[in-house]
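Residue numbers (our numbering): 46 to 301.
This is the structure we're talking about:
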């Protein structure tokens with residue numbers, strides 16, 4: 046049976062790159078996100094390249110939407126063996142003392158509870174496959190905090206706690222839990238969303254960094270972890286660009 050990979054947040058960035066890469070690895074990719082037009086373009090591109098993909102619109106913050114996603118997976122021919130929890134994001138860079146409660150709530154809802162909902166919904170199918178894998182796309186923000194990042198780092202720390210706890214609870218069952226924690230990844234939308242569409246502010250994050258990571262780099266890591274022999278579990282993979290030695294240590298070459 047054809048292995049099925051479910052990728053959340055697949056309409057752009059890391060999610061879209063992962064969908065392409067997993068299709069090339071022989072998975073039937075079920076690509077899911079909120080934007081139907083983006084998903085349709087993604088599936089068409091994968092099909093033209095000779096891969097197999099299906100689009101399902103889903104909002105990971107809505108219980109009914111996630112339940113419908115699980116039903117769509119069950120209707121596909123093949124076996125669900127891989128879930129990539131990629132949907133997530135950041136809002137704002139406000140300090141804790143003036144941070145927006147609504148922004149913090151959204152970040153927790155998408156990053157943590159979104160991962161929880163989708164994982165709960167698809168875990169029975171992954172276990173039934175006899176060789177399941179859950180990938181959680183986190184961040185180096187799950188390891189260390191920084192000024193202005195309280196809401197996002199709190200959410201990403203929560204996502205790590207979820208992944209580590211799940212791995213303990215699934216011990217002895219045929220489902221691996223893999224956490225991928227990227228550092229500086231330059232994508233089209235992450236910074237724009239975080240800074241409310243301010244392209245100049247989003248670009249400044251990467252100012253002077255010659256080669257930040259790109260979405261395809263993370264897709265490569267996800268595919269590598271997912272295609273190891275089933276007895277091999279990559280618990281946590283931290284990946285940064287060469288220019289970023291740590292969260293606060295980044296080599297920048299600035300003009301003048």
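All C-beta atoms in this analysis are idealised placements derived from N, C-alpha and C, irrespective of residue type, glycine included.
If you draw a straight line from the Cα of residue 284 to the Cα of residue 267, it comes to about 11 Å. Residue state for residue 101 is assigned as strand, using DSSP reduced to three classes. Bridge pairing for residue 226: 283 [DSSP].
Residue pairing for residue 73: DSSP places it in a beta bridge opposite 49, 97.
Boundaries of the alpha helix (DSSP H) around residue 164: 159-173.
Here the alpha carbon of residue 173 sits roughly 13 Å from the alpha carbon of residue 221. Around the beta carbon of residue 273, fewer than 16 other beta carbons lie within 10 angstroms, which makes this residue exposed. In the three-state scheme derived from DSSP, where H, G and I count as helix and E and B as strand, residue 195 is classed as helix. Under DSSP, residue 278 shares a beta bridge with no residue. The region 281-301 and the region 185-195 touch, with three or more beta-carbon pairs separated by less than 8 Å. Partner residues in a beta bridge of residue 244, as assigned by DSSP, do not exist.
With respect to the C-alpha of residue 205, the residue from 234, 251, 278, 161 having the closest C-alpha is 161. Annotation: residue 126 to residue 249 spans about 39 Å, alpha carbon to alpha carbon.
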